[in-house]
């Protein structure tokens, strides 16, 4: 039933519609996991990953048809600007879907007030921002307690940690898009959940402060997720190019050039996003 809520063709007419789909899918994911797994001694320990899994399952039908549609259009374009013009509506749709996930996750995480729902996400946040004291960081940022600052990492340590994490996610996205184009939705949902957990920490788990938290993390969050989608697009183009043309076809070289350009742009965007996150955002949000 859920897969009939949106037609991929409608994204080209209004990418912003995906925001509401993200709200619905994100809300259902947290609510269902809270209802069915919060009381399970074993599965509750993996609630953070189960939330993302549910969100992926809800989104897969739409993602599959959209990626399939975009792959067919790849045959008609060449060069970065041609690729961008052809796929920009889909990328905008992904961005709106991502924003819907973030807001839904943040709101329901605070309403349900269950620290297990984002346990893996909190650990990831601490791994990036306090790599020398992960366990202590996780304990301090339990939703049942008031968050307090750790100050455990210098700007240089955070910058390197963030770059390392972002490049890892980028590689993960590329591999997923090569194996299964719609698999990129996992990266989208996971990053949305991590940012939502970070918003909760920054706002001290106050719902009325969510808009301020969104502003704090979307400044660098949107460039990051855009880079991941560009990477997913590059992987999809490469996979289709190999399957349809083969590596000996002259068109394959053009495909490789386009993929390299896209990946280079994605890396530059990730570097800029990391600089913003480490050196500029703290100045704006002390």
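In the working numbering, the protein residues as written are 497 to 782. C-beta: ideal position from N, C-alpha, C; glycine also. All figures in this text were calculated on a predicted structure; none of them were measured in a lab.
How long is the line joining the alpha carbons of residue i and residue j, rounded to whole angstroms?
i           : j           : result
residue 701 : residue 709 : 10 Å
residue 535 : residue 546 : 14 Å
residue 612 : residue 525 : 14 Å
residue 686 : residue 552 : 9 Å
residue 620 : residue 779 : 23 Å
residue 712 : residue 669 : 25 Å
residue 676 : residue 727 : 13 Å
residue 697 : residue 555 : 27 Å
residue 759 : residue 530 : 38 Å
residue 772 : residue 705 : 21 Å
residue 605 : residue 614 : 8 Å
residue 689 : residue 618 : 10 Å
residue 651 : residue 775 : 7 Å
residue 735 : residue 729 : 10 Å
residue 695 : residue 544 : 16 Å
residue 609 : residue 550 : 19 Å
residue 723 : residue 762 : 4 Å
residue 607 : residue 684 : 23 Å
residue 584 : residue 538 : 42 Å
residue 586 : residue 693 : 26 Å
residue 647 : residue 725 : In this prediction, residue 647 scores a pLDDT of 47, lower than 50, which makes its location untrustworthy; no coordinate-derived value is stated.
residue 732 : residue 616 : 28 Å
residue 721 : residue 603 : 20 Å
residue 699 : residue 622 : 16 Å
residue 777 : residue 682 : 27 Å
residue 548 : residue 672 : 15 Å
residue 599 : residue 717 : 13 Å
residue 781 : residue 749 : 46 Å
residue 588 : residue 581 : 12 Å
residue 715 : residue 658 : 15 Å
residue 578 : residue 653 : 39 Å
residue 838 : residue 533 : One cannot answer for residue 838 here, as it falls past the ends of the chain, which runs 497 to 782.
residue 752 : residue 738 : 10 Å
I need the DSSP call for residue i, collapsed to helix, strand or coil.
i           : result
residue 716 : helix
residue 765 : helix
residue 770 : helix
residue 525 : helix
residue 533 : helix
residue 781 : coil
residue 610 : coil
residue 755 : helix
residue 598 : helix
residue 538 : coil
residue 511 : helix
Q. Touch check for the stretch 759 to 768 and the stretch 656 to 673: three-plus C-beta pairs under 8 Å?
A. With the rule of 3 Cβ pairs closer than 8 Å, the stretch 759 to 768 counts as touching the stretch 656 to 673.
**Q.** Completely contained alpha helix (DSSP H) runs for the stretch 661 to 710, where each covers 4 or more residues
**A.** The qualifying runs are 680 to 698.
Q: Check whether the stretch 585 to 592 touches the stretch 512 to 522, counting contact only when three or more Cβ pairs, one atom from each stretch, lie closer than 8 Å.
A: Enough Cβ pairs lie closer than 8 Å, so yes.
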